[in-house]
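Asker:
Protein chains in written order, with full-length UniProt numbering: chain F, 1 to 450; chain L, 1 to 450.
1. What separation, rounded to the nearest whole angstrom, lies between the Cα atoms of residue 75(F) and residue 131(F)?
2. Whose CA, out of 233(L), 351(L) and 263(L), lies closest to the CA of residue 171(L)?
3. So with Cβ pairs under 7 Å, would you call residue 377(L) a contact of chain F?
4. Less than 7 Å between the beta carbons of residue 205(L) and residue 185(L), yes or no?
5. So which residues of chain F does residue 101(L) contact, with C-beta pairs closer than 9 Å?
6. Using a Cβ-Cβ cut-off of 7 Å, state whether residue 152(F) counts as contacting chain L.
7. Taking 6 Å as the cut-off, is the C-beta of residue 406(F) nearer than that to any heavy atom in the ligand ZN?
8. Would you mind sorting residue 8(F) into buried or exposed? The rule is 16 or more other CB atoms within 10 Å of its CB.
9. Taking DSSP as the reference, what is the three-state secondary structure of residue 104(F)?
10. Extract the residue ranges of the alpha helix (DSSP H) inside the region 226–311 of chain F, only unbroken runs of 4 or more that lie entirely within it.
11. Out of curiosity, what's the CA-to-CA distance linking residue 445(F) and residue 343(L)?
12. So residue 340(L) contacts chain F; which residues on that side make the cut at Cβ distance below 8 Å?
13. Which residue or residues does DSSP assign as beta-bridge partners of residue 199(F)?
14. Counting contacts by CB-CB distance shorter than 7 Å, is residue 255(F) in contact with chain L?
15. Using a Cβ-Cβ distance under 7 Å, would residue 174(L) count as near chain F?
16. Return helix, strand or coil for residue 95(L), following the three-state DSSP convention.
17. Give the interface partners of residue 303(F) over in chain L, defined as CB-CB distance under 9 Å, in chain order.
18. Three or more C-beta pairs under 8 Å: does that hold for the region 294–310 of chain F against the region 310–322 of chain L?
19. Mind checking residue 333(F): buried by the 16 CB within 10 Å criterion, or exposed?
20. For the alpha helix (DSSP H) containing residue 210(L), list its first residue and its last residue.
21. What residue range is occupied by the uninterrupted alpha helix (DSSP H) comprising residue 318(F)?
22. Rank 236(F), 244(F) and 223(F) by C-alpha distance to the C-alpha of residue 254(F) and give the top, closest one.
23. Am I right that residue 421(L) and residue 261(L) are in contact with their C-beta atoms under 8 Å? What's the rounded C-beta distance?
24. Determine the closest residue to residue 30(L) out of 54(L), 45(L) and 211(L), with distance taken between C-alpha atoms.
25. Where do the N-terminal and C-terminal ends of the alpha helix (DSSP H) with residue 394(F) fall, by residue?
26. Please classify residue 162(F): is it buried, with 16 or more other beta-carbons within 10 angstroms of its beta-carbon, or exposed?
27. With a cut-off of 8 Å, do at least 3 Cβ pairs link the region 212–232 of chain F to the region 126–140 of chain F?
28. Helix, strand or coil: which one does DSSP assign to residue 135(F)?
29. Please tell me whether residue 440(F) has its Cβ less than 7 Å away from any Cβ of chain L.
30. Given a threshold of 16 other Cβ atoms within 10 Å of its Cβ, counted over all protein chains shown, does residue 307(F) qualify as buried or as exposed?
31. To which residues of the same chain is residue 312(L) closer than 6 Å at the C-beta, ignoring the five residues directly before and after it?
32. How would you label residue 353(L), buried or exposed, when you count the other beta carbons within 10 angstroms and need 16 or more for buried?
33. What first and last residue would you give for the beta strand (DSSP E) that runs through residue 172(F)?
34. Is there at least one Cβ from chain L nearer than 7 Å to residue 382(F)'s Cβ?
35. Return no unless some Cβ of chain L is closer than 7 Å to the Cβ of residue 285(F).
36. For residue 357(L), report the span of its alpha helix (DSSP H) as first-last.
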């Protein structure tokens with residue numbers, strides 16, 4: 001549905017561009033949300049993007065579009081723009097969004113833009129840029145409502161109307177002491193429900209969940225999701241309130257991290273490559289395939305050592321694909337369960353032995369089932385009992401070991417603080433391929449005495 | 001960090017349970033969030049779970065724990081409980097949560113509990129249960145603030161304090177006409193900023209994004225994420241406002257859908273299996289492996305038809321793993337990019353030819369690179385130029401076809417409205433295995449004249 005709407009937008013804009021129907025274009029562009037325009041921009045040449053961008057009347061709308069643009073497109077787009085216009089847009093944007101944008105640009109460009117920005121905003125932006133991208137500090141919003149715990153509900157309402165009228169989303173009101181330290185939280189609703197003269201500290205909740213600026217964004221996101229809260233306050237090392245991470249940022253983090261995990265496991269880098277050029281896409285995917293290529297060449301040498309046996313019983317080769325396939329598939333199952341389980345918190349890195357033990361058992365049972373099945377096919381085809389037995393046993397071994405490796409490796413990587421998703425894809429598959437082939441030939445040559 | 005905290009909780013609760021330290025346990029249980037208790041419960045026997053549950057003083061806290069429990073655990077838990085106690089907890093819970101819980105129970109149990117519930121709540125719960133689980137109606141919250149568009153800001157504030165004091169999260173105030181139809185939206189902040197006598201309709205935003213009850217939950221989630229809104233109103237067929245979907249539900253949907261996609265692609269069902277029993281886990285994984293087993297047996301017959309050639313040149317077999325591996329891996333890359341691209345909206349199903357064309361090009365380039373590399377290894381090992389050429393060509397063909405199949409299949413499935421994630425995993429891998437092996441042997445036997 002959403003896709004259909006987007007498609008219609010793209011088609012009609014392209015048609016209007018061909019026709020040069022400026023006034024119609026201007027109308028549509030100014031009515032369309034920045035998020036939709038950013039997707040449209042992916043399909044347009046730079047010239048048309050500039051044309052449409054210049055038609056946007058509202059400077060705030062331009063800012064939203066800036067934030068929504070893909071990194072590549074943004075850098076390319078800003079390159080030829082008048083710096084004064086860029087600065088005018090940045091000055092109007094929320095400071096955390098400006099910090100994110102400037103972090104994408106080369107250092108020189110970023111600092112020259114910063115210098116031209118209004119002092120008040122640029123100081124805050126510089127502060128924000130000091131935090132790592134993927135930490136609480138890097139994603140936090142510096143606009144929040146902080147009130148002194150000593151003031152009354154009535155005074156709080158007045159202060160909110162006066163000073164904080166432009167805070168984007170007033171989810172929670174944070175109470176601070178005289179040093180700016182976070183001491184409590186209350187809701188807008190509480191303020192209007194209690195007697196006007198009650199001081200904040202009399203009704204605020206003092207048990208506030210907060211995170212520190214250097215906490216990893218994924219941890220922050222998990223906290224917000226687990227406790228179903230709308231925003232979590234961020235404090236610095238001395239417990240001073242410096243920002244909030246809101247639930248809408250958390251959504252983006254989860255989508256980003258899920259996509260990253262999926263892409264990493266398939267060995268296609270961390271970022272979404274499809275919208276990049278063929279050359280970039282090829283370059284990102286090349287090294288991951290190299291791991292599997294090395295593994296394949298290794299398997300080739302392993303088989304080479306059994307060449308004598310193969311020349312005597314050529315049909316041994318026919319079982320290579322099914323044994324590799326079964327091992328590879330159950331290995332992928334195991335590693336996926338573990339990687340995703342760790343990411344969602346369903347599995348705990350401390351439970352390594354329980355998890356690996358369970359996977360090994362499942363691998364063994366499934367190995368028996370399919371070993372018997374594939375062994376029977378071998379028996380029917382070649383009527384050699386020892387061959388059938390060897391194939392059966394090879395499947396059992398290969399699937400058990402695959403489940404073991406597939407679950408062990410991501411667990412161990414997670415304990416060593418290496419991202420299990422990166423490690424798992426090519427590494428596990430390649431290891432399992434080699435092990436499967438080796439087991440199979442070793443068992444078969446013993447059993448058949450060749 | 002979160003995991004460490006959870007681990008400490010589990011360990012200390014277990015120790016206190018062994019010691020029978022009731023008063024300490026009671027204190028901890030009442031201080032711990034339901035979300036944390038639900039994870040703790042996974043590690044405890046039913047007896048201990050009941051013991052801890054009975055220690056919870058607050059009925060609301062019990063309700064939160066109910067909502068957070070895994071489905072299996074909830075059903076098992078509720079089985080031996082006194083229905084009166086269950087009903088007391090349900091009566092206190094938000095109705096949308098009750099509807100979700102009852103949907104997990106057998107029909108009989110659900111309707112007997114519904115009959116015992118307070119009339120007011122049970123009617124609303126029944127209404128909610130009519131919607132499909134994964135639609136806007138199924139996930140919406142029926143508690144929202146709807147105000148007549150004709151009333152003044154002052155009257156609105158009074159009405160909110162009186163009637164809507166228990167609405168969980170008053171993100172937006174919806175304006176309705178005399179028939180309950182959605183006509184506008186405004187924020188709590190706007191109410192306190194405008195002159196008290198202004199009627200809602202004078203300052204409300206009339207351009208409200210809304211969704212219909214039967215819209216798929218994933219579509220709803222994408223809308224909320226795309227436009228960075230906190231809640232989206234849900235209307236029935238006649239545009240009457242019936243509920244809202246809030247941003248915290250959207251987080252759950254994204255996490256769920258991402259996990260589902262990842263699990264489906266790996267062929268381990270839709271739900272997270274690690275917390276299930278070994279038997280269940282085996283049963284869920286069995287059928288997916290069957291597809292790859294059939295494919296393997298098919299590949300076995302394909303190789304069988306080349307047995308004569310193999311018996312003459314046995315070392316042909318040594319290249320099977322590397323050719324299958326390279327095809328399989330690039331196929332996984334392509335299908336992952338497409339499945340994830342479709343899920344996140346980075347790719348559009350209408351752009352099938354662009355996407356497939358690009359993947360085919362990337363596959364061909366990467367095929368050339370690795371074909372030359374693997375061909376060189378063949379040349380070094382066997383000094384037979386025609387063999388090296390055949391291996392090189394087989395890698396190019398296998399990788400190109402794999403990229404083609406890997407990108408085509410999910411695109412086609414998506415257009416046929418079949419979930420691309422389900423289809424992609426075992427289906428694509430198996431197809432590529434067979435095609436790779438067939439290409440390799442056909443090319444090699446031609447080139448080498450065997």
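Yeah, the Cβ is synthetic: ideal placement off N, Cα and C, and Gly gets one too. All of these numbers come straight from a predicted model, not from anything done at the bench.
Answerer: Inspection of the coordinates gives the following:
1. Taking the straight line from one Cα to the other gives about 21 Å.
2. Taking only the C-alpha atoms, the option nearest residue 171(L) is 233(L).
3. For residue 377(L), the answer is yes, since a Cβ of chain F falls inside 7 Å of its Cβ.
4. Using a Cβ distance threshold of 7 Å, residue 205(L) and residue 185(L) count as a contacting pair.
5. Neighbours of residue 101(L) across chain F, judged by C-beta separation under 9 Å, do not exist; the nearest C-beta is about 16 Å away.
6. No - not a single Cβ of chain L is within 7 Å of the one on residue 152(F).
7. Although the ligand ZN was asked about, the structure shown includes no ligands whatsoever.
8. Exposed: under 16 other Cβ atoms inside 10 Å.
9. DSSP places residue 104(F) within a helical segment (H, G or I) once states are collapsed to three.
10. The region 226–311 of chain F contains these whole alpha helix (DSSP H) runs: 247–265 and 278–304.
11. Roughly 47 Å between the two C-alpha positions.
12. For the C-beta of residue 340(L), the chain F residues within less than 8 Å are, from N- to C-terminus, 259, 262, 263 and 272.
13. 152(F), per the DSSP bridge assignment.
14. So, interface residue.
15. Residue 174(L) does not count as touching chain F.
16. Judged by DSSP in its simplified three-state form, residue 95(L) adopts helix.
17. Those within 9 Å of residue 303(F) in chain L are 315, 317, 318, 319, 320 and 321.
18. These segments touch.
19. Buried is the call here.
20. Residue 210(L): not part of any alpha helix (DSSP H); DSSP gives it neither H nor E.
21. Element bounds for residue 318(F): n/a, residue is neither H nor E.
22. The shortest Cα separation from residue 254(F) among 236(F), 244(F) and 223(F) belongs to 223(F).
23. The Cβ separation is near 4 Å, so the contact holds.
24. Distances from the CA of residue 30(L) to each of 54(L), 45(L) and 211(L) were compared; the closest alpha carbon is that of 54(L).
25. Residues 385–415.
26. With fewer than 16 other Cβ atoms within 10 Å, it is exposed.
27. Taking 8 Å as the limit for Cβ pairs, the verdict is that the region 126–140 of chain F does touch the region 212–232 of chain F.
28. Three-state DSSP puts residue 135(F) in a strand.
29. With 7 Å as the cut-off, residue 440(F) does not count as an interface residue toward chain L.
30. That one is exposed.
31. If you ignore the 5 residues before and after residue 312(L), its C-beta comes within less than 6 Å of the C-beta of 450, all in its own chain and listed in chain order.
32. So residue 353(L) ends up on the exposed side.
33. 172–176 is the extent of the beta strand (DSSP E) around residue 172(F).
34. With 7 Å as the cut-off, residue 382(F) does not count as an interface residue toward chain L.
35. Chain L has a Cβ within less than 7 Å of the Cβ of residue 285(F).
36. Taken as a continuous stretch (DSSP letters only), the alpha helix (DSSP H) holding residue 357(L) covers 352–382.
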